[in-house]
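Everything on this sheet refers to the single structure shown next.
Numbering (the numbering used here), first residue to last: 19 to 116.
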């Protein structure tokens, strides 16, 4: 039976920072997707129906980026909060033992 557990909270903090980098990239992609506009004449005089078919796909992509931003942001926040909680518990336990 193990006598305890060891947590490397600095690894969790590093992971949260990496998630922050991914979050920045997703936010940039979302901003680009929201700024993009496909005019009905983008595919020429006969391509109007193509532009009309692409529009719902673009909206779906925007929603996917929004969901990705929300998910990664929540993960980053959770990982960081976990690292803080582990450090607080470790400090408390160390104080109780001294």
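All C-beta atoms, glycine included, are put in the ideal place defined by N, C-alpha and C.
Applying the 10 Å Cβ sphere with the 16-neighbour rule, what's the burial state of residue 19? Here residue 19 scores only 44 on pLDDT, less than 50, and its place in the model is too uncertain to base an answer on.
May I ask you to report which of helix, strand or coil DSSP gives residue 98? Three-state result, residue 98: helix.
May I have a chain-ordered list of the alpha helix (DSSP H) segments no shorter than 4 residues that lie completely inside the stretch 19-105? 27-53
I'd like to know whether the C-beta atoms of residue 51 and residue 80 end up nearer to each other than 8 Å. yes
Given a threshold of 16 other Cβ atoms within 10 Å of its Cβ, counted over all protein chains shown, does residue 112 qualify as buried or as exposed? Counting Cβ neighbours within 10 Å, residue 112 comes out exposed, since fewer than 16 surround it.
Residue 48, buried or exposed, once every other Cβ within 10 Å from all chains shown has been counted against 16: buried
If contact is defined by three or more beta carbon pairs under 8 Å, each pair taking one atom from either stretch, is the stretch 64-74 in contact with the stretch 31-40? Contact fails: fewer than three Cβ-Cβ distances are below 8 Å.
On a CA-only basis, which of 34, 106, 108 is nearest residue 90? Give me that one, please. 34
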